[in-house]
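Worksheet for the structure shown next.
2 protein chains.
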Amino acid sequence: MKTILVVEDEENINRMLCDLLKYNGYVPEAAYSGTEAVMLFSGKTYDLILLDLMIPGKTGFEVLEEIRMTSTVPVIALTAVSEKESTVALLKAGANDYLTKPFDNDELLARIEVWLRNGTGKTTRTITFREIVLDLEQYEAFIGTDALQLSKREFEILHLLMQNPKKVYTKNNLYESVWGDEFMGDDNTINVHISKIRAKIAGFRPKDEYIQTVWGIGYKMSE
Amino acid sequence: MKTILVVEDEENINRMLCDLLKYNGYVPEAAYSGTEAVMLFSGKTYDLILLDLMIPGKTGFEVLEEIRMTSTVPVIALTAVSEKESTVALLKAGANDYLTKPFDNDELLARIEVWLRNGTGKTTRTITFREIVLDLEQYEAFIGTDALQLSKREFEILHLLMQNPKKVYTKNNLYESVWGDEFMGDDNTINVHISKIRAKIAGFRPKDEYIQTVWGIGYKMSE
DNA sequence: AATCAGAATTAAGACATTTTTAAGACTTTC
DNA sequence: GAAAGTCTTAAAAATGTCTTAATTCTGATT
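In structure tokens:
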């Protein structure tokens, strides 16, 4: 689950960028001024920063400078055509890359990928089903951009179901995989866990069904 | 002394590039075909590769592919205007960056610097997370402007957590990284250390949580 | 519609893990 | 070798999670 700070004052563009990122599996956060960006940045870590240069509050250059005082996070600058001369200076100032507006969405995404791939080298191991994302490294679960607060067992059950979303898992299957132990027939422990997972999902998506009951057999993810 | 492999079939352009690089303190080496590039590359390591896409012998894509099989060396591709559509594919294929010919020399140099800085420039002597700064040379820790008086183990634990602030470290992880020793199951040494680190942080920031417990799994830094 | 077995829900107690504290063992430093 | 600081161990307290059991709900069958 990669978080990206989007620093851009024009609300439409900012929202468009955030939507684009969200749609592609990132978790965007919007900042509308240089000062806001610095504030957010000091409180939280991001995996990448998209930085428009023409922003109120502080210039993009100043923001970049402040970021570079404490962090090596990849920064991709967004520049207007007219500022084209300053791009070399921008790179020297610590930006990792830049794109000139108007830019191609695919190219933006490709460059983001390059820098995320490069930045930590480690591709976070995640598994996705519809809106649910499990981050196996952070042991965190998300639905859309909201974090699901799952316990260890709940996480493991969901993980198992998501590994083969079309397969129906019997309680036996689930018990033996998650508990690593033999299943003792009459036991509704799993029912309770499934119920709790559903309740937590329903907290964010009250109408959607994610885990489907297959009567007399077990559970599976629902398409 | 940074060595750069210049893969470009047109002799004039190749020489020009090599001269430019030499003049700016790099050690260039020329390859005039894809096959030659692969051959040179397999024999020695470079700090960066400049790769023209239209070359005889093997296409630039093929060369890139071969390089990526064994190495993560930064590759900057050089493309003609007409190939512009393929740039996204290029980035996805593993190129780190590209420039469209004719390009500006200063921009080329700036981008080379970015990638060299990024690749090896891990000379950070401090690491920061929110208000905490670790000086890795002096072994000193600060929160804001106050010095945290951490013991060696405490410092190392915090350092490890801060290297990947989003990752959850199991006790196993922590034990093996910090102690360099195998983890002996039932042992709450780490709990005690975490507790003490928290207490010291709380001495200055009583309300803020910096280290988060992930039940049944381990610890991570909290946003 | 009535029945029945499987499934869902709830709450409470059992269980497990983590936190904290304190004491003694160990290390380092002078 | 004594003193100061650090690490580990142990035990009790606090907290979070899991299981049990009782009850309600649902879908299948007659």
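Sequences listed follow chains A and B, in order.
Okay, so the first sequence: first residue is 1133 according to my numbering, each after it adds one.
Okay, so the second sequence: first residue is 1133 according to my numbering, each after it adds one.
Heads up, the beta-carbon is just placed ideally off N, CA and C, and yes, glycines get one too.
Computed from a predicted structure; not experimentally measured.
Provide the residue span of the beta strand (DSSP E) that contains residue i, from first to last.
i: residue 1272 of chain B; result: 1272–1275
i: residue 1161 of chain B; result: 1159–1163
i: residue 1151 of chain A; result: Careful: residue 1151 of chain A lies outside any beta strand (DSSP E), inside the alpha helix (DSSP H) at 1143–1155.
i: residue 1260 of chain B; result: 1258–1261
Going by DSSP, what residue range makes up the alpha helix (DSSP H) through residue i?
i: residue 1220 of chain A; result: 1219–1224
i: residue 1349 of chain A; result: Here residue 1349 of chain A belongs to no alpha helix (DSSP H), and DSSP marks it neither H nor E.
i: residue 1172 of chain A; result: 1166–1175
i: residue 1196 of chain B; result: 1192–1202
i: residue 1209 of chain A; result: Premise fails: residue 1209 of chain A lies in the beta strand (DSSP E), 1207–1211, not in any alpha helix (DSSP H).
i: residue 1265 of chain A; result: Premise fails: residue 1265 of chain A lies in the beta strand (DSSP E), 1264–1267, not in any alpha helix (DSSP H).
i: residue 1337 of chain B; result: Counting along the chain, residue 1337 of chain B falls outside any alpha helix (DSSP H), and DSSP gives it neither H nor E.
Can you say whether residue i is buried or exposed, counting buried as having 16 or more other CB atoms within 10 angstroms of its CB?
i: residue 1140 of chain A; result: buried
i: residue 1331 of chain B; result: exposed
i: residue 1270 of chain A; result: buried
i: residue 1191 of chain A; result: exposed
i: residue 1299 of chain B; result: buried
i: residue 1212 of chain B; result: exposed
i: residue 1228 of chain A; result: buried
i: residue 1287 of chain B; result: buried
i: residue 1254 of chain B; result: Residue placement at residue 1254 of chain B is poorly supported in this model, since its pLDDT is 48, which falls under 50; the coordinates still yield a value, given next. Exposed is the call here.
i: residue 1236 of chain B; result: exposed
i: residue 1247 of chain B; result: buried
In the structure shown, what three-state DSSP assignment does residue i receive?
i: residue 1187 of chain A; result: coil
i: residue 1230 of chain A; result: strand
i: residue 1133 of chain A; result: coil
i: residue 1301 of chain A; result: strand
i: residue 1240 of chain B; result: helix
i: residue 1282 of chain A; result: coil
i: residue 1253 of chain A; result: The pLDDT assigned to residue 1253 of chain A is 45, lower than 50, so where the model puts this residue is not dependable; a value taken from the coordinates is nonetheless given after this. Coil, per DSSP.
Given that residue i touches chain B, what residues does it touch there, using C-beta distances under 7 Å?
i: residue 1324 of chain A; result: Ordered by position in chain B, no residue passes the 7 Å Cβ test against residue 1324 of chain A, which lies about 17 Å from the chain.
i: residue 1246 of chain A; result: 1223, 1228
i: residue 1144 of chain A; result: Correct list: empty, because the minimum Cβ distance to chain B is about 24 Å.
Using a cut-off of 9 Å between C-beta atoms, extract the partners of residue i located in chain B.
i: residue 1328 of chain A; result: Going along chain B, no residue has its Cβ under 9 Å from residue 1328 of chain A, so there is no contact; the nearest lies around 14 Å.
i: residue 1203 of chain A; result: 1260
i: residue 1305 of chain A; result: Neighbours of residue 1305 of chain A on chain B: none; closest Cβ ~22 Å, over 9 Å.
i: residue 1320 of chain A; result: Under the 9 Å cutoff, chain B gives no residues; its nearest Cβ is about 22 Å from residue 1320 of chain A.
Can you name the residues of chain A whose CB is closer than 7 Å to the CB of residue i?
i: residue 1297 of chain B; result: 1177
i: residue 1310 of chain B; result: The premise fails here: residue 1310 of chain B is roughly 19 Å from chain A at the closest Cβ pair, so nothing lies under 7 Å.
Run down chain A in chain order and give the residues with a C-beta less than 8 Å from the C-beta of residue i.
i: residue 1355 of chain B; result: 1175, 1176, 1177
i: residue 1349 of chain B; result: 1271, 1284
i: residue 1195 of chain B; result: Neighbours of residue 1195 of chain B on chain A: none; closest Cβ ~18 Å, over 8 Å.
Review point. According to a CB-to-CB cut-off of less than 7 Å, which residues of the region 1268–1293 of chain A neighbour chain B?
Key: Within the region 1268–1293 of chain A, the residues whose Cβ lies closer than 7 Å to some Cβ of chain B are 1269, 1270, 1271, 1283, 1284, listed in chain order.
**Study point:** Cβ-based contacts, 9 Å cut-off: residues of the region 1208–1242 of chain A near chain B
**Key:** Residues of the region 1208–1242 of chain A that bring their beta carbon within less than 9 Å of a beta carbon in chain B comprise 1219, 1220, 1221, 1222, 1223, 1224, 1226, 1227, 1228, 1229, 1236, 1238, 1239, 1241, 1242, in sequence order.
Practice item. Select from the region 1147–1178 of chain A all residues with a C-beta closer than 8 Å to any C-beta belonging to chain B, and list them in chain order. Key: For the region 1147–1178 of chain A, which is checked against every Cβ of chain B, the residues closer than 8 Å are 1174, 1175, 1176, 1177.
Review point. In the region 1335–1346 of chain B, which residues sit with their C-beta less than 7 Å from some C-beta in chain A, listed in chain order?
Key: Closer than 7 Å at the C-beta level to chain A, one finds these residues of the region 1335–1346 of chain B: 1346.
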